[in-house]
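Undergrad: For the protein sequence lines, the chains are X and Y, in the order given.
The first sequence begins at 1 in the working numbering and counts up by one.
The second sequence begins at 118 in the working numbering and counts up by one.
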Amino acid sequence: GAVVSQHPSWVICKSGTSVKIECRSLDFQATTMFWYRQFPKQSLMLMATSNEGSKATYEQGVEKDKFLINHASLTLSTLTVTSAHPEDSSFYICSARDQGTGEETQYFGPGTRLLVL
Amino acid sequence: GDSVTQMEGPVTLSEEAFLTINCTYTATGYPSLFWYVQYPGEGLQLLLKATKADDKGSNKGFEATYRKETTSFHLEKGSVQVSDSAVYFCALSDPGGGGADGLTFGKGTHLIIQP
């Protein structure tokens with residue numbers, strides 16, 4: 001149980017294009033999902049908290065107009081990197097909390113590697 | 118703000134050796150503490166957690182005790198196996214501290230177990 005998937009697992013795009021990453025909770029409902037970014041040999045940094053049916057909460061320094069988050073259902077959150085540039089190349093990881101348990105534990109997706117040329 | 122500091126790797130041990138990975142934290146509230154493990158090519162998996170002082174989390178032979186007095190949550194295992202080779206992340210959740218609702222992670226420790 002508590003499986004989170006991400007799609008795609010990796011993507012290469014040209015500078016200036018937009019890329020959408022999906023995060024799904026496969027066997028539980030998640031009112032709250034999180035998006036993290038991980039640089040090589042660095043820690044995971046929280047980018048934003050995605051709440052079903054409401055606007056996402058972004059961390060300081062994260063551009064909300066560049067990283068669009070939509071959480072339209074209890075099992076799906078999407079992150080769209082708009083007008084991507086090479087500096088946006090990174091490993092993006094989502095996580096979700098199982099609202100049925102009420103616990104703080106977050107379950108993580110396998111990540112999406114983005115390379116912007 | 119909150120932060121997590123863990124020993125940097127890689128840490129290389131022989132099979133059946135004793136393992137300790139140090140983790141210390143700073144937090145404004147009363148955090149819950151976690152260890153996550155990332156096996157090659159896979160996503161992060163929760164290894165164990167502790168939600169209050171003196172709690173001990175344990176799983177798969179790994180243990181960690183929430184020490185408020187030393188703000189630490191060191192990961193230990195008595196006898197490691199080759200299959201334990203992975204990257205281990207210490208993390209905290211501090212929603213009552215007024216900060217983010219997500220997790221604050223350490224940089225991760227790459228553990229390599231040699232047969």
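Beta carbons are placed, not taken as given, at the ideal position from N, Cα and C, and that holds for glycine.
All values reported here derive from a predicted model rather than from experimental measurement.
#1: Can you have a look at X:F39 and say buried or exposed, based on whether 16 or more other CB atoms are within 10 angstroms of its CB?
#2: What does X:P8 reach in chain Y if we use C-beta pairs closer than 8 angstroms?
#3: Counting contacts by CB-CB distance shorter than 9 angstroms, is Y:G160 in contact with chain X?
#4: Go to Y:T141, then tell me how far its beta strand (DSSP E) extends in each direction, as first and last residue.
#5: Helix, strand or coil: which one does DSSP assign to X:E87?
#6: Among residues of its own chain, excluding the 5 on either side of X:K66, which ones have a beta-carbon nearer than 6 angstroms to its beta-carbon?
#7: Starting from the N-terminal side, write out each stretch of the beta strand (DSSP E) that is 3 residues or longer and does not extend beyond the segment 10 to 98 of chain X.
#8: Near X:F108, which residues of its chain fall below 7 angstroms by C-beta distance, leaving aside the five closest residues on each side in sequence?
#9: Can you give the Cα-Cα distance for X:A30 and X:C13, rounded to whole angstroms?
#10: Name the DSSP bridge partner or partners of Y:T137?
#11: Would you tell me roughly how many angstroms separate the C-alpha atoms of Y:L236 and Y:A144, rounded to the nearest one?
#12: Quick check: the Cα distance between Y:L209 and Y:A167, rounded to an integer number of angstroms?
#13: Which class does Y:V199 belong to by DSSP, given the choice of helix, strand or coil?
#14: Apart from the five residues on each side of it in sequence, which residues of its chain come closer than 7 angstroms, Cβ to Cβ, to Y:D218?
TA: Per the coordinate set shown:
#1: Position 39 of the first sequence, counted from the start, is the residue given in the question as residue 39 of chain X. Exposed, since its Cβ has fewer than 16 Cβ neighbours within 10 Å.
#2: Walking along the first sequence from the start, residue 8 of chain X turns up at place 8. Those do not exist, as X:P8 stays about 14 angstroms from chain Y at its closest Cβ, beyond 8 angstroms.
#3: Sequence index remark: in the second sequence, residue 160 of chain Y carries index 43 (1-based). It does; some Cβ of chain X falls within 9 angstroms.
#4: Mapped onto the second sequence, residue 141 of chain Y falls at position 24. For Y:T141, the uninterrupted beta strand (DSSP E) segment begins and ends at 140 to 143.
#5: Stepping through the first sequence from its first residue, residue 87 of chain X is reached at position 87. Three-state DSSP puts X:E87 in a helix.
#6: Locating residue 66 of chain X in the first sequence gives position 66, counting from the first residue. Cβ within range, chain order: T82.
#7: 10 to 13, 19 to 25, 32 to 38, 44 to 51, 67 to 73, 76 to 81, 90 to 97
#8: Within the first sequence, numbered from 1, the residue matching residue 108 of chain X stands at position 108. Answer for X:F108: V4, I93, S95, listed in chain order.
#9: Translated into positions along the first sequence, residue 30 of chain X becomes position 30. Translated into positions along the first sequence, residue 13 of chain X becomes position 13. The straight-line gap from Cα to Cα measures roughly 30 angstroms.
#10: Working through the second sequence from its first residue, we reach residue 137 of chain Y at position 20. Answer is Y:E193, bridged to Y:T137.
#11: Nothing can be reported for residue 236 of chain Y: it is not among the residues displayed for chain Y, which extend from 118 to 232.
#12: Against the second sequence, residue 209 of chain Y aligns to sequence position 92. Against the second sequence, residue 167 of chain Y aligns to sequence position 50. Going from the Cα of Y:L209 to the Cα of Y:A167 covers about 10 angstroms.
#13: Position 82 of the second sequence, counting from 1, holds the residue named residue 199 of chain Y. Residue state, collapsed to three classes: helix.
#14: The count along the second sequence starts at 1 and reaches residue 218 of chain Y at position 101. Here the set comprises P212.
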